[in-house]
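Colleague: Structure provided below as structure tokens; questions to follow.
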Amino acid sequence: MTVVSESPEQPRTGPNVAEFFQRFGTLGIFLVLVVVATVWSDVFLTRLNITNVLRQVASGAGIMAVGMLFVILTRGIDLSVGSIAALGSVLSAYFIAFSGYSVGVSIVLVILAGAACGAVTGAFVAFLRLPAFVMSLAMMAIARGLSLIISDGRPIPLGPGGDSLAAFGSGFFMGVPQPVIVMFAVFIVGGIVLNFTRFGRVITAIGSNEDAVRLSGIAVPRYLVAVYMISGALAALAGIISSSRTGVGSAQVGVAAELNVLAAVVIGGAGLMG
């Protein structure tokens with residue numbers, strides 16, 4: 009009787025091509041597109057064009073994507089970010105132009121309003137167990153409707169009281185547009201919170217196995233409300249930056265921005281299922 013012994017499988021030491029493309033494929037495609045656009049247009053890689061693109065991203069999907077990432081990591085979704093950005097844009101102009109508040113106070117009030125919208129969505133999702141898709145869709149209609157009512161469907165100029173905010177939107181610091189600096193600051197803070205704090209670890213765990221997190225004694229609903237509040241606050245901040253760029257608060261800010269924000273998060277590597 010012949011006994012055949014199988015030798016243990018040797019660990020793979022060569023480069024894993026699939027893993028490499030999974031980690032760096034998006035970056036590679038981005039670099040290819042940059043090269044193609046540069047060859048196609050002489051003005052693409054100019055400072056003026058790059059500055060304009062970064063400004064648009066800062067007041068659009070860039071900042072909102074960080075808040076959406078927090079929500080998606082819990083297996084949720086927030087379709088109201090574009091409408092909350094519109095509400096933030098309108099409220100910032102309204103507070104400055106008609107309420108007599110300073111720019112600083114107006115910014116704080118607008119961010120709190122965005123967080124309040126997120127808190128309502130999060131409360132219905134966390135405590136009443138409504139689907140996030142349905143509840144955030146309802147908040148999308150509510151926030152957009154409020155922005156239209158407050159503005160009467162017309163742009164609200166910032167007025168003389170908003171000169172400092174307008175100067176911020178068009179200003180530079182060490183050659184970098186100031187709204188872009190705010191966007192990168194949000195990126196850095198968001199990354200630190202997700203990777204180096206208990207809060208970040210808990211919301212990641214909720215997306216992986218919510219029941220296990222709940223059974224371990226963690227108050228899951230509080231964390232769910234918190235991530236929607238973060239999403240709402242950052243959406244309102246994006247609306248403020250939009251007003252600083254254009255000099256008006258408009259209810260048309262963030263129309264159909266949800267798809268761009270979701271695309272930014274998914275392309276960045278997050279999964280829609282947590």
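Add 8 to the 1-based position in the sequence shown for our numbering, that's all there is to it.
Just so you know, even glycine gets a beta-carbon here, dropped at the ideal spot from N, CA and C.
(1) Determine whether the beta carbon atoms of L294 and V133 lie at a separation below 9 Å.
(2) Look at the Cβ atom of G126, then the Cβ atom of I238, and state whether they are nearer than 9 Å.
(3) Let me confirm a value: V79 is counted as buried when at least 16 other C-beta atoms fall within 10 Å, else exposed. Which label applies?
(4) Excluding five sequence neighbours on each side, which residues of the same chain lie with their C-beta closer than 8 Å to the C-beta of A94?
(5) Can you find the residues in the same chain that come closer than 8 Å, C-beta to C-beta, to V228, ignoring five residues on each side of it along the sequence?
(6) Run through DSSP, which three-state label would S38 get?
(7) For Y236, report the span of its alpha helix (DSSP H) as first-last.
(8) Any idea what DSSP makes of I214, helix, strand or coil?
(9) Using only CA atoms, which one of I226, A149, V235 and L267 lies nearest to G130?
(10) Take A45 and list the residues in its own chain whose beta-carbon comes closer than 6 Å to its own, dropping the five residues that flank it on each side.
(11) How many whole angstroms separate the CB atoms of I275 and T34, which I take to be in contact at a CB cut-off of 8 Å?
(12) Using the three-state DSSP reduction, which class does V184 fall into: helix, strand or coil?
(13) Smallest Cα separation from V256: which of A140, G96 and N203?
(14) Mind checking whether L117 and I158 have CB atoms under 9 Å apart?
(15) Which whole-angstrom value describes the C-beta separation of R253 and P165, a residue pair presumed to lie in contact below a C-beta threshold of 8 Å?
(16) Determine the DSSP secondary structure at G90, reduced to helix, strand or coil.
(17) Which same chain residues, not among the five before or five after F181, have their C-beta less than 8 Å away from its C-beta?
(18) Using beta-carbon positions only, say whether G169 and G112 come within less than 9 Å of one another.
(19) Confirm, please, whether the CB-CB distance from I92 to M191 is below 9 Å.
(20) For L202, collect the residues of the same chain with a Cβ closer than 6 Å to its Cβ; drop the 5 residues on either side in sequence, then sort them by chain order.
(21) Nearest to L173 by alpha carbon, out of F141, S250, G279 and A66?
Modeller: Taking the structure as given:
(1) The structure shown does not extend to residue 294, since the chain is modelled only from 9 to 282, so the question has no answer here.
(2) yes
(3) buried
(4) A151, R152, S155, G247, S258, A259, Q260, V261, G262 and V263
(5) A134, I214, E218, V221 and R222
(6) This sequence places Phe at residue 38; Ser is not what is there. If DSSP states are grouped into helix, strand and coil, F38 belongs with the helices.
(7) V228 to T254
(8) helix
(9) V235
(10) F52
(11) 6 Å
(12) strand
(13) G96
(14) no
(15) The Cβ separation is near 14 Å, so there is no contact.
(16) helix
(17) I189
(18) no
(19) no
(20) G208
(21) S250
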